[in-house]
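Asker:
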Amino acid sequence: MAQTTAAQQQPVRATRPPVVVVMGHIDHGKTTLLDFVRKSNVVSRESGGITQHIGAYEIVYNDRRMTFLDTPGHEVFSKMRSRGARVADVAILVVAADDGVKPQTLEALKAILDVHIPFVVAVNKMDKEAANPDKVKSELAEAGTLVEGWGGNVPVAYISAKTGSGVPDLLDLILLSVDLEELTGDPETQASGVVIESHLDARRGAVASLLIKNGTLRKGDFVVIRDAIAAVKILENDRGELKTEATFSSPVTVLGFSKVPAVGEEFYSYKDKKSAEAGMAVSQELRAKTTAPAVVAGRQEGMMILPLVLKTDVVGSREALEGELEKLAFMEIAPRLLKSDVGDIVDDDVKSVSSQKGGVVIGFKVKPSVSAKVLAERFGIEIKTFDVVYELVDWLKTELRRRVPPEVRRVEHGKLKILKVFKRMHDRYVFGGKVTAGFIRNEDKFDIVHGVELKGSGKIVNLQKNKNDAAEVKEGAECGISGDAAIEILEGDMMIAYAEEIVDRELTKPNA
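Numbering (full-length UniProt numbering), first residue to last: 1 to 512.
#1: Quick one: Cα of Arg-218 to Cα of Ala-208, how far?
#2: Candidates Ser-317, Asp-313 and Gly-215: which alpha carbon is nearest Tyr-270's?
#3: Residues bridged to Arg-424 by DSSP?
#4: Can you tell which of Ala-329, Val-404 and Gly-483 has the C-alpha that lies nearest to the C-alpha of Gln-464?
#5: Could you tell me the alpha carbon to alpha carbon distance between Lys-162 and Thr-32, rounded to whole angstroms?
#6: Does Leu-176 pass the burial test, meaning 16 or more other C-beta atoms within 10 Å, or should it be called exposed?
#7: What is the C-beta distance between Arg-336 and Pro-307, in whole angstroms, given that I count them as a contact (C-beta under 8 angstroms)?
#8: Quick one: residues in its chain with C-beta nearer than 7 angstroms to the C-beta of Lys-110, no 5 flanking neighbours on either side, listed in chain order?
#9: Report the three-state DSSP secondary structure of Gln-356 (helix, strand or coil).
#10: Report the option in Ile-448, Ile-229 and Arg-239 whose CA atom is closest to the CA atom of Ala-276.
#11: Mapping the DSSP letters down to three states, classify Val-366 as helix, strand or coil.
#12: Verify whether the separation of the beta carbon atoms of Pro-18 and Val-90 is less than 7 angstroms.
#13: Answer with buried or exposed for Gly-451, where buried requires no fewer than 16 other C-beta atoms within 10 angstroms of its C-beta.
#14: Would you mind working out which of Pro-406, Thr-253, Asn-462 and Ala-246 sits nearest residue 513, comparing C-alpha positions?
#15: Helix, strand or coil for Leu-242, going by three-state DSSP, please let me know.
#16: Helix or strand or just coil, what does DSSP make of Arg-336?
#17: Which residue comes first and which comes last in the alpha helix (DSSP H) that contains Ala-111?
#18: Are there 16 or more other CB atoms within 10 angstroms of the CB of Arg-16, so buried, or fewer, so exposed?
#19: To which residues of the same chain is Ser-165 closer than 8 angstroms at the C-beta, ignoring the five residues directly before and after it?
#20: Using DSSP with H/G/I as helix, E/B as strand and the rest coil, what is Asp-348?
#21: What are the start and end residues of the beta strand (DSSP E) that includes Leu-198?
#22: Assign Val-178 to one of three DSSP states: helix, strand, or coil.
#23: Using the three-state DSSP reduction, which class does Pro-187 fall into: helix, strand or coil?
#24: Answer yes or no: do Ala-486 and Phe-446 have a C-beta to C-beta separation smaller than 7 angstroms?
#25: In the structure shown, what three-state DSSP assignment does Lys-415 receive?
#26: Hey, Phe-267 and Val-224 are a contact pair by Cβ (cut 8 angstroms); roughly how many whole angstroms apart?
#27: Check whether the segment 339-355 touches the segment 308-328, counting contact only when three or more Cβ pairs, one atom from each stretch, lie closer than 8 angstroms.
#28: When DSSP labels each residue in this structure, what does Thr-436 get in the three-state scheme?
#29: What does Ile-26 pair with, by DSSP beta-bridge criteria?
#30: Consult DSSP for Pro-133 and reduce its assignment to one of helix, strand or coil.
#31: So Pro-155 and Val-123 are supposed to be a Cβ contact under 8 angstroms. How far apart are they, rounded?
#32: In whole angstroms, give me the CA-to-CA distance for Phe-379 and Ile-117.
#33: Taking C-beta to C-beta, are Leu-416 and Gly-432 nearer than 7 angstroms?
#34: What's the C-alpha gap between Ile-440 and Ile-333?
#35: Roughly how far, in whole angstroms, is the beta-carbon of Phe-36 from the beta-carbon of Val-167, given that I think they are within contact range, below 8 angstroms?
#36: Assuming contact is defined by CB atoms lying nearer than 7 angstroms, are Ser-192 and Val-260 in contact in what I supplied?
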């Protein structure tokens with residue numbers, strides 16, 4: 001029997017074209033820039049090609065392909081941020097030179113920084129008389145982003161999307177940024193990527209636009225997106241031209257899905273239907289396993305997650321620790337394993353968790369590389385290494401409990417019958433009453449009840465007894481109250497006073 005050599009097992013690596021997202025404040029020229037880039041550098045259209053909008057398009061600049069997401073702030077960008085995958089490889093932050101940094105500029109900047117991708121600032125509208133690039137750089141500095149020439153290392157290009165001035169310089173900076181990232185892919189493997197658009201077409205059925213992140217998608221393959229499946233009978237590029245195959249960083253359209261896939265979902269391709277159905281079954285089983293604690297609790301939306309990447313010395317250690325992680329799932333919080341593998345901690349491990357808030361890379365009997373340490377420090381990612389299983393598990397238990405916010409408990413103090421409403425100014429009431437049970441304390445919160453109907457809530461601002469300020473009034477005594485409540489308080493209503501106490505939350509095991 002022929003043996004597979006180590007060289008044969010190695011995946012084929014090839015340079016991957018960058019995926020670029022353009023973001024910024026409304027009216028700062030994002031669309032104008034995209035239109036100029038597309039019209040000036042679009043790949044020549046084949047005969048019979050129909051231009052269509054699929055959420056992304058390819059250009060060729062200086063004999064190099066680039067893919068632009070043409071919907072700034074695209075839903076897929078935020079969705080994939082929460083999943084630890086980066087749709088875009090590089091971003092352009094557009095800021096108008098005559099308007100400066102605006103709220104949406106800051107929102108876009110935060111979105112870019114959250115996913116830790118390189119970006120270039122494009123100071124647009126330099127053709128305007130009111131253009132003030134120094135103002136833009138100063139305002140970005142106030143937001144914590146320093147561009148080149150202003151004490152920082154973020155590249156900046158000065159452009160006019162309207163005339164095209166400076167746009168080639170911008171594209172050069174984009175290519176330079178991604179060259180430093182050394183983007184690669186394996187053209188020989190089956191395709192995988194994300195859904196960037198989807199819809200139900202009356203004539204073509206369930207349609208999905210896909211961005212291939214790795215591998216090659218071929219006509220005749222089968223594509224699986226969660227519980228949706230399609231045979232690739234028709235494969236169209238971003239210009240509506242029919243293709244027999246497409247490789248990484250290319251946007252394509254696939255027809256005939258069994259249901260409309262959700263934007264932002266990951267897709268995987270298979271060579272035959274049997275493999276695709278098997279892959280879909282495994283995906284559904286893993287998803288059910290991951291969400292089981294939340295389903296049992298009926299609180300899937302509210303359950304917190306501790307994102308983890310696990311690296312171990314051998315497969316046996318990995319499998320054992322994966323089993324331990326399953327035991328640490330609580331109703332309130334659970335570990336989520338983004339990646340699990342054998343070997344030392346490397347850059348890709350840090351990147352896998354970099355877009356996850358509070359994500360941690362855990363190593364068992366392995367060490368992080370020097371570059372992984374540097375990357376983790378830059379991204380603010382914690383790397384924890386252990387040589388003893390119980391120490392790792394104990395740390396995880398402590399960390400899970402630490403991340404769950406304390407519980408706020410309501411402690412009822414007493415009841416008061418409202419005898420007289422003296423004054424109301426907006427939502428501030430002054431009223432008097434008699435404590436019929438328990439006691440009332442100054443600054444208590446309260447509910448107002450009429451019969452069995454809860455009318456609303458409020459808070460005591462001042463409590464008086466015999467016209468003197470009082471800290472507490474007990475059962476049987478009368479008192480005056482000044483309180484805030486955005487409801488109507490009437491004579492005869494009942495006030496129920498209470499306080500809120502903060503206590504450590506007890507974590508609940510599923511099916512407990």
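For glycine and all other residues, C-beta sits at the position ideal for the given N, C-alpha and C.
Note that the coordinates shown come from a computational prediction; the quantities given were computed from them, not determined experimentally.
Answerer: Taking the definition as stated:
#1: So the two alpha carbons sit approximately 15 angstroms from each other.
#2: Gly-215
#3: Tyr-429
#4: When each option's Cα is compared against that of Gln-464, the closest is Gly-483.
#5: Near 7 angstroms, if we compare the C-alpha coordinates of Thr-32 and Lys-162.
#6: exposed
#7: By a beta-carbon distance limit of 8 angstroms, Arg-336 contacts Pro-307. Their separation comes to about 5 angstroms.
#8: none
#9: In this structure, Gln-356 counts as coil in the three-state DSSP scheme.
#10: Considering only alpha carbons, the answer is Ile-229.
#11: coil
#12: The answer is yes: Cβ separation under 7 angstroms.
#13: Result: exposed.
#14: This structure gives no information on residue 513, because the portion of the chain shown stretches from 1 to 512.
#15: strand
#16: In this structure, DSSP gives Arg-336 an extended state, which the three-state scheme calls strand.
#17: 103-115
#18: By the neighbour-count rule (16 or more Cβ atoms within 10 Å), Arg-16 is buried.
#19: Met-126, Asp-127 and Ile-159
#20: helix
#21: Per the sequence presented here, residue 198 reads as Ser, with Leu not at that position. Per DSSP, Ser-198 belongs to the beta strand (DSSP E) from 192-201.
#22: helix
#23: coil
#24: no
#25: strand
#26: 7 angstroms
#27: Judged by pairs of C-beta atoms under 8 angstroms, the segment 339-355 touches the segment 308-328, as three or more such pairs exist.
#28: strand
#29: Paired residues: none, contrary to the question.
#30: helix
#31: The beta-carbon distance between Pro-155 and Val-123, rounded to whole angstroms, is 11 angstroms. This is too long to meet the 8 angstroms contact definition.
#32: 10 angstroms
#33: no
#34: 37 angstroms
#35: 6 angstroms
#36: no
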